[in-house]
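Presented below is the structure to which this report refers.
Residue numbers (our numbering), protein chains in the order written: chain Y, 61 to 324; chain H, 61 to 324.
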């Protein structure tokens with residue numbers, strides 16, 4: 061039987077995670093729920109984030125899913141446990157924070173290299189990344205910094221992904237980390253859309269998109285046939301699973317996202 | 061008895077309207093409701109905007125108010141009639157669109173001067189400004205243009221009100237209107253905070269903040285003693301009314317707004 065994977069995001073950013081899931085989890089089908097009626101989560105209070113996330117998770121559970129991926133970093137940071145409590149122990153719930161931490165640590169060029177998490181303000185405030193890094197590799201937090209980049213999401217949603225104003229804003233956020241290079245973890249699902257701009261703004265840094273690691277862990281949890289190197293593997297040319305799209309406010313889906321609603 | 065005026069906004073932008081109300085409506089008290097749990101409205105669908113606005117209006121009505129000012133342009137554009145229906149005919153409900161239109165027309169240097177409304181995307185989509193201009197002065201719409209400026213609100217809320225990136229973004233939005241100068245109407249409550257930047261970006265244009273006109277019309281509707289020239293009149297030194305603050309998500313009130321919560 062075909063596996064059905066629910067993907068929850070606060071808006072359209074989770075499409076970057078969905079793209080990786082489709083490449084790695086061969087043959088699975090997907091139900092994507094974007095809470096566009098309440099986006100952005102990144103500027104909301106923990107209480108609001110939890111209430112909204114649990115409501116969305118409960119909606120997704122009604123669609124007969126075999127696993128729930130919380131693609132939104134803000135929701136993963138604040139609401140993973142409340143979601144798990146709400147959906148019950150039989151449904152695997154996978155967030156993006158822990159897989160992202162594992163991907164970042166795997167990319168470290170040397171043990172004492174700087175680690176930088178780029179995220180929304182709410183994610184940074186949550187402390188979820190430092191907790192997860194410390195749990196995964198005790199002591200590593202001495203090399204860890206976090207940077208909130210609140211204007212990047214509105215600019216990306218405006219379609220300014222190759223605009224000099226976005227580049228200038230990026231420089232404002234990450235310019236100060238120009239010393240010793242290390243690993244920068246994209247802790248917000250929108251950021252992979254401008255990964256090349258991060259790489260240009262942070263010469264020498266390894267910029268990590270956690271989506272592939274998330275997808276690998278989902279495939280493992282569901283014991284799905286897993287495409288190991290989706291970027292180069294010919295099996296990505298096989299037919300990929302169906303996607304059911306679901307938005308709490310369809311009119312609020314930004315124009316640029318429509319072009320990405322059928323990722324290749 | 062002291063008049064109590066309810067001021068509804070999607071977030072903190074309505075503080076610019078509240079400031080004018082306190083200057084003009086001598087002696088009134090205020091209840092300000094900012095729907096920070098659901099901000100921004102400017103990227104939402106009409107249905108969402110109406111549902112949220114009506115819910116907030118109903119909350120404000122429970123606070124024993126004598127008039128309801130819908131300070132948010134997006135809510136005024138889409139939800140004024142639903143709000144009026146919800147609160148009933150005995151409570152005056154005053155939006156910002158019609159007063160803004162009257163203020164813009166009063167500022168016209170000559171009848172055929174260009175008119176430009178600067179607003180959120182949802183406000184522009186609503187067509188509320190063209191309708192109001194046409195109702196107020198038939199035929200004037202041939203001189204009217206509207207420009208959505210979606211990135212200004214997040215930048216202002218980020219506290220970048222004197223940042224070169226905000227100036228560059230502003231130029232991106234209004235640079236094309238550099239020909240014959242006319243009247244630019246600030247159709248979003250955040251924009252008065254950067255009025256001087258608009259004036260610098262649009263040389264020769266009259267930049268109109270509708271808040272004073274809104275306040276004058278509220279004073280008239282409630283037959284309140286009205287301070288005619290609040291900017292110069294000594295009576296502004298008199299004690300001003302109390303403000304009750306109310307936010308649907310207090311944690312989501314941006315830092316910069318806290319400095320403005322007790323306007324002078």
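The C-beta atom is built at its ideal place from N, Cα and C for all residues, glycine as well.
Taking only the alpha-carbon atoms, compute the straight-line gap between residue i and residue j and give it to the nearest angstrom.
{"i": "residue 190 (chain Y)", "j": "residue 65 (chain H)", "result": "46 Å"}
{"i": "residue 198 (chain H)", "j": "residue 287 (chain H)", "result": "31 Å"}
{"i": "residue 261 (chain Y)", "j": "residue 141 (chain Y)", "result": "35 Å"}
{"i": "residue 279 (chain H)", "j": "residue 285 (chain H)", "result": "7 Å"}
{"i": "residue 250 (chain H)", "j": "residue 273 (chain H)", "result": "16 Å"}
{"i": "residue 297 (chain H)", "j": "residue 266 (chain H)", "result": "For residue 297 (chain H), the predicted structure reports a pLDDT of 46, less than 50, and the residue's modelled location is therefore unreliable. A value from the coordinates is still provided. About 28 Å."}
{"i": "residue 215 (chain H)", "j": "residue 68 (chain H)", "result": "22 Å"}
{"i": "residue 222 (chain Y)", "j": "residue 275 (chain Y)", "result": "27 Å"}
{"i": "residue 202 (chain H)", "j": "residue 173 (chain H)", "result": "10 Å"}
{"i": "residue 62 (chain Y)", "j": "residue 84 (chain Y)", "result": "15 Å"}
{"i": "residue 168 (chain H)", "j": "residue 163 (chain Y)", "result": "60 Å"}
{"i": "residue 254 (chain H)", "j": "residue 229 (chain Y)", "result": "19 Å"}
{"i": "residue 318 (chain H)", "j": "residue 135 (chain H)", "result": "23 Å"}
{"i": "residue 256 (chain H)", "j": "residue 246 (chain H)", "result": "12 Å"}
{"i": "residue 224 (chain H)", "j": "residue 211 (chain Y)", "result": "14 Å"}
Going by DSSP in three states, residue i sits in which element: helix, strand or coil?
{"i": "residue 182 (chain H)", "result": "helix"}
{"i": "residue 75 (chain H)", "result": "helix"}
{"i": "residue 85 (chain H)", "result": "strand"}
{"i": "residue 187 (chain Y)", "result": "coil"}
{"i": "residue 265 (chain H)", "result": "coil"}
{"i": "residue 295 (chain Y)", "result": "Unreliable positioning characterises residue 295 (chain Y) in this predicted model, as indicated by a pLDDT of 47, which lies under 50. A coordinate reading is not provided."}
{"i": "residue 192 (chain Y)", "result": "helix"}
{"i": "residue 225 (chain Y)", "result": "helix"}
{"i": "residue 125 (chain H)", "result": "coil"}
{"i": "residue 277 (chain H)", "result": "helix"}
{"i": "residue 69 (chain H)", "result": "strand"}
{"i": "residue 104 (chain Y)", "result": "coil"}
{"i": "residue 301 (chain Y)", "result": "coil"}
{"i": "residue 240 (chain H)", "result": "coil"}
{"i": "residue 320 (chain H)", "result": "coil"}
{"i": "residue 120 (chain H)", "result": "helix"}
{"i": "residue 288 (chain H)", "result": "coil"}
What does the Cβ neighbour count give for residue i, buried or exposed, with the cut at 16 atoms within 10 Å?
{"i": "residue 264 (chain Y)", "result": "exposed"}
{"i": "residue 79 (chain H)", "result": "buried"}
{"i": "residue 86 (chain Y)", "result": "buried"}
{"i": "residue 107 (chain Y)", "result": "exposed"}
{"i": "residue 195 (chain H)", "result": "exposed"}
{"i": "residue 118 (chain H)", "result": "exposed"}
{"i": "residue 235 (chain Y)", "result": "exposed"}
{"i": "residue 310 (chain Y)", "result": "exposed"}
{"i": "residue 145 (chain Y)", "result": "exposed"}
Output, in chain order, the set of chain Y residues within a Cβ distance shorter than 9 Å of residue i.
{"i": "residue 210 (chain H)", "result": "214, 217 and 218"}
Nearer than 7 Å: is that true of the beta carbon of residue i relative to any heavy atom of the ligand MN?
{"i": "residue 303 (chain H)", "result": "With respect to small molecules bound, the structure shown includes none, and the ligand MN cannot be examined in it."}
Taking Cβ positions, are residue i and residue j nearer each other than 8 Å?
{"i": "residue 147 (chain Y)", "j": "residue 130 (chain Y)", "result": "no"}
{"i": "residue 304 (chain Y)", "j": "residue 154 (chain Y)", "result": "no"}
{"i": "residue 70 (chain H)", "j": "residue 132 (chain H)", "result": "yes"}
{"i": "residue 112 (chain Y)", "j": "residue 91 (chain Y)", "result": "no"}
{"i": "residue 182 (chain Y)", "j": "residue 101 (chain Y)", "result": "yes"}
{"i": "residue 313 (chain Y)", "j": "residue 72 (chain Y)", "result": "yes"}
{"i": "residue 127 (chain H)", "j": "residue 149 (chain H)", "result": "no"}
Below 9 Å on C-beta distance, what does residue i contact in chain H?
{"i": "residue 225 (chain Y)", "result": "211, 225, 228, 229 and 232"}
What residues from chain Y crowd round residue i, counting only those whose CB sits closer than 8 Å?
{"i": "residue 312 (chain H)", "result": "103, 104, 105 and 108"}
{"i": "residue 115 (chain H)", "result": "Here the premise fails: no neighbours, minimum Cβ distance about 13 Å."}
What residues of chain H sit near residue i, judged by a beta carbon separation below 7 Å?
{"i": "residue 309 (chain Y)", "result": "104, 105 and 108"}
{"i": "residue 250 (chain Y)", "result": "Going along chain H, no residue has its Cβ under 7 Å from residue 250 (chain Y), so there is no contact; the nearest lies around 13 Å."}
{"i": "residue 317 (chain Y)", "result": "Result: empty, since nearest Cβ-Cβ is about 12 Å, beyond 7 Å."}
For chain C, is any of its Cβ atoms less than 8 Å away from the one on residue i?
{"i": "residue 139 (chain H)", "result": "In summary, chain C is missing from the structure at hand, where the protein chains are Y and H."}
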